Amino acid sequence: MKKILEVESFSKVYGRGCLHCFDQTGAEQTNICPSCKSVVAAHDVSFSLHQGEILGIMGESGSGKSTVVKCLYFDEEPTAGRATFFDNGHQHSLFDLNNAQQRHMKNHSFGMVYQNPHLGLNFDISAGGNIAERLLMYGDNHYEKIRSKARGLLSRTEVLPERMDAIPKTFSGGMQQRVQIAKALATDPPLLFLDEVTTGLDLSVQAAILDLILEIQQELNTAMIVVTHDLGVIRLLAGRTLVMKYGRVIESGLTDQILEDPQHAYTQRLVASAL
Amino acid sequence: MSKASGYPFGFLDEYAKKEVRRSVLKAIALPGYQVPYSSREMPMGRGFGTGGLQLTLSLIGPGETLKVIDQGSDDSVNAVNLRAFVEMTCPDIDTTTRTEEATLIQSRHRIPEKELSEKQVIVLQVPYPDPLTVVEPSEDKRKTMHGEADYSRLLVKLYEDIVKFDEITISHRYPTRINGYYILDPSPIPRFDVPKMHQSKALILFGAGREKKIYAVPPYSEAEPIAFEDVPFRVENFYDQQGNRLSCARCGNQESFLDEFIDSRNGKKVYQCSDIDWCNEQLRLRKEENMKELVREKNS
Chain B
145 MKKILEVESF SKVYGRGCLH CFDQTGAEQT NICPSCKSVV AAHDVSFSLH
195 QGEILGIMGE SGSGKSTVVK CLYFDEEPTA GRATFFDNGH QHSLFDLNNA
245 QQRHMKNHSF GMVYQNPHLG LNFDISAGGN IAERLLMYGD NHYEKIRSKA
295 RGLLSRTEVL PERMDAIPKT FSGGMQQRVQ IAKALATDPP LLFLDEVTTG
345 LDLSVQAAIL DLILEIQQEL NTAMIVVTHD LGVIRLLAGR TLVMKYGRVI
395 ESGLTDQILE DPQHAYTQRL VASAL
Chain F
2 MSKASGYPFG FLDEYAKKEV RRSVLKAIAL PGYQVPYSSR EMPMGRGFGT
52 GGLQLTLSLI GPGETLKVID QGSDDSVNAV NLRAFVEMTC PDIDTTTRTE
102 EATLIQSRHR IPEKELSEKQ VIVLQVPYPD PLTVVEPSED KRKTMHGEAD
152 YSRLLVKLYE DIVKFDEITI SHRYPTRING YYILDPSPIP RFDVPKMHQS
202 KALILFGAGR EKKIYAVPPY SEAEPIAFED VPFRVENFYD QQGNRLSCAR
252 CGNQESFLDE FIDSRNGKKV YQCSDIDWCN EQLRLRKEEN MKELVREKNS
């Protein structure tokens, strides 16, 4: 299988940081450095991702799971570590790119679906316009082609094409999320980040969105990183999983293995409490 | 020090003029880039053409001929007052209303109909210099967007226009890409005037006094209004319902940008050239033509 992403010893500290930050924080302690009060959101996170694979990152609020994804999508700057993106025989060191290169990478190779549609969508323009924005950033400049592509994507994600020119403000939460997914998929990115995509949606809508994500993965062979605190989502989607606590990876491996036979006490509690 | 007014030549002090000229040089070197400068207080409210005026005062010298127009007219309040101010503070300059006689033209919202020459400079007054203001409120982010030539969100605006109204509804200040990189706000000139910037022989300067920016379209630059591949840019159409090109009620010309107004006597729509100098010239030409005809008839 082709490798798509390799992350090595990634760290992110909020605050000025000190020499003791990493010694005095950790899964067994806390994520706030007692010496300098900096927040160690993530430390020494390493993983790899292959084409068509779904990797789950699981953990409670504040465990640093979203931070990892935000840094990979350039929303935040990492403190340390390396991330290499493999693209058609080219290697890109993600954390060394300049702004323009980052933007190019975002528009051409990555897709992001946020928990809050407000972050991923512009609520002042129509659903179709949101998808057009991404296609225009990608370099498409033909109005009718953009229209038909947007229409195709929206029907693919089961948003009624009649609602294409409506403003996402008038949509239900589930529909907004579908529009976000359609937007993320617009440029056929090889890598998709999903940050708590089903949180806050009702159960039937959750199931439909998860179905959609699985279909997309099977159809397009898109690699995905799924961040969630929901064990059900992990069980359904992810082939491999990282469990994070206080910014550290405490357990990683095949999802089935982690859920059936959790090694770390925290994971054991997590799995037990979910049932 | 000018004796007549008690002000130095050109009202501004030498340092201020030098700064404006340096900003102009930079603006020419980076076509379409908005060069910040320290816009001075002028004896008129910001938003009344102080940016254009500062450019004019910094560039004009004895022996030059100035034309000031406001929406094509030499006689409207803004044009008259600006011209009077320059006449007062710059002795030994000439003013004119004839486009071809002017070496420097300060204009509000129009580029003259008559093609400008390499010897001329046109200064446009700009209320809003940044075309990205409509899509991005943060100036910091706008600067980055300009730096990276990231203009896709302007096209999203066009997309939304076409979705809602079946056409691009921007009537003036049409975003235009200069030499394939920066997109500028060409000031509130009508779409009709945008193609005049393309490969213009004259230097076009833009001054925004309130927003403290100067930018330029150097002579013989590419000026490309943004559009989609399949929805091209088009200028205002002046055709009636029968498909005939409307003509000016005064001079009969059919090529110019027309103003529409209602005749108070009969309530009918009347069209007239917006560029008065152009209209007068067409009238002159028509009269000459008529005279020649008369002479020919007499001789035969």
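Residue numbers (our numbering), protein chains in the order written: chain B, 145 to 419; chain F, 2 to 301. No residue lacks a Cβ here, since even glycine has one placed at the ideal position from N, Cα and C. For clarity, every value in this text was computed on a predicted model and none was experimentally measured.
- Cβ neighbours of Cys-274 of chain F within its own chain (closer than 8 Å, five residues either side excluded): Gly-73, Glu-114, Cys-249, Arg-251, Cys-252, Asn-254, Ser-257, Phe-258, Leu-259, Asp-260, Cys-280 and Gln-283.
- Spatial neighbours of Thr-96 of chain F in its own chain (CB-CB distance under 8 Å, excluding positions within 5 residues in sequence) are listed in chain order as Thr-66, Leu-67, Lys-68, Val-69, Arg-84, Val-87 and Glu-88.
- In the DSSP annotation of this structure, Val-341 of chain B is not part of any beta strand (DSSP E), being labelled neither H nor E.
- Looking at the DSSP output, Ser-74 of chain F shares a beta bridge with F:Asp-71.
- At a Cβ-Cβ threshold of 9 Å, Glu-152 of chain B and Thr-228 of chain B count as neighbours.
- Contact between Thr-134 of chain F and Asp-278 of chain F does not hold, since the beta-carbon distance rounds to 32 Å and is not under 8 Å.
- Every alpha helix (DSSP H) of 4 residues or more that sits fully in the stretch 350 to 402 of chain B is shown, in chain order, as 375 to 381.
- For the stretch 212 to 236 of chain F, residues whose beta-carbon sits nearer than 7 Å to a beta-carbon of chain B comprise Phe-229, Glu-230, Asp-231 and Val-232.
- Taking all protein chains shown into account, Gly-33 of chain F has 16 or more neighbouring C-beta atoms within 10 Å of its C-beta and is therefore buried.
- Within the stretch 293 to 317 of chain B, the residues whose Cβ lies closer than 9 Å to any Cβ of chain F are, in chain order, Met-308 and Asp-309.
- At a cut-off of 9 Å, the C-beta of Thr-145 of chain F has a neighbouring C-beta in chain B.
- With a 10 Å radius around the Cβ and a threshold of 16 neighbouring Cβ atoms, His-147 of chain F comes out buried.
- Of the residues F:Cys-91, F:Glu-116 and F:Val-78, the one whose Cα lies closest to the Cα of Pro-63 of chain F is F:Cys-91.
- Separation of His-252 of chain B and Ser-108 of chain F (C-alpha to C-alpha, rounded to the nearest whole angstrom) is 44 Å.
- According to DSSP, Ala-209 of chain F shares a beta bridge with F:Lys-214.
- Residue-level contact by beta carbon holds for Glu-277 of chain B and chain F, with a gap shorter than 9 Å.
- Distance from Val-183 of chain B to Gly-159 of chain B at the Cβ level is roughly 6 Å; contact confirmed, criterion being Cβ atoms closer than 8 Å.
- Taken in chain order, the unbroken stretches of beta strand (DSSP E) that lie wholly in the stretch 230 to 271 of chain B and span 3 residues or more are 234 to 237 and 254 to 257.
- As the crow flies, the alpha-carbon of Arg-47 of chain F is around 27 Å from that of Ile-179 of chain F.
- Taking Lys-214 of chain B as the centre and dropping the five residues before and after it, the same chain places the C-beta of Glu-220 closer than 6 Å to its C-beta, in chain order.
- Pairing Leu-105 of chain F with Val-122 of chain F gives a Cβ-Cβ distance under 9 Å.
- For His-262 of chain B, the nearest beta carbon of chain F is not closer than 9 Å to its own beta carbon.
- Secondary structure note for Val-122 of chain F: its beta strand (DSSP E) is the uninterrupted segment 122 to 126.
- With contacts defined as CB atoms closer than 9 Å, Asp-75 of chain F and Asp-131 of chain F fail to qualify as a contacting pair.
- Taking C-alpha positions only, Glu-363 of chain B is separated from Pro-191 of chain F by approximately 49 Å.
- Counting every other CB atom within 10 Å of its CB across the protein chains shown gives Glu-340 of chain B a total of 16 or more, marking it as buried.
- For the stretch 150 to 170 of chain F, the residues whose beta carbon sits under 7 Å from a beta carbon of chain B are, in order, Asp-151, Ser-153, Arg-154, Leu-156, Val-157, Tyr-160, Glu-161, Ile-163 and Val-164.
- His-236 of chain B is outside the set of residues whose beta carbon lies under 9 Å from a beta carbon in chain F.
- Taking C-beta atoms as the reference points, Leu-336 of chain B and Leu-329 of chain B count as a pair closer than 9 Å.
- Contact between the stretch 161 to 168 of chain F and the stretch 199 to 216 of chain F is absent: fewer than 3 CB-CB pairs across the two stretches fall below 8 Å.
- With respect to the 9 Å criterion, Tyr-410 of chain B and Thr-169 of chain B are not classified as neighbours on the basis of their beta carbons.
- If you check the CB distance, Ala-17 of chain F and Ala-217 of chain F do not come in under 9 Å.
- DSSP lists F:Glu-261 as the beta-bridge partner residues of Tyr-272 of chain F.
- Neighbours of Gly-273 of chain B in chain F, taken as residues whose beta carbon is under 8 Å from its own, are Val-157, Tyr-160, Glu-161 and Val-164 in chain order.
- In the DSSP annotation of this structure, the continuous segment of the alpha helix (DSSP H) that includes Val-21 of chain F starts and ends at 15 to 30.
- Straight through space, the alpha carbons of Asn-274 of chain B and Leu-414 of chain B are spaced by roughly 38 Å.
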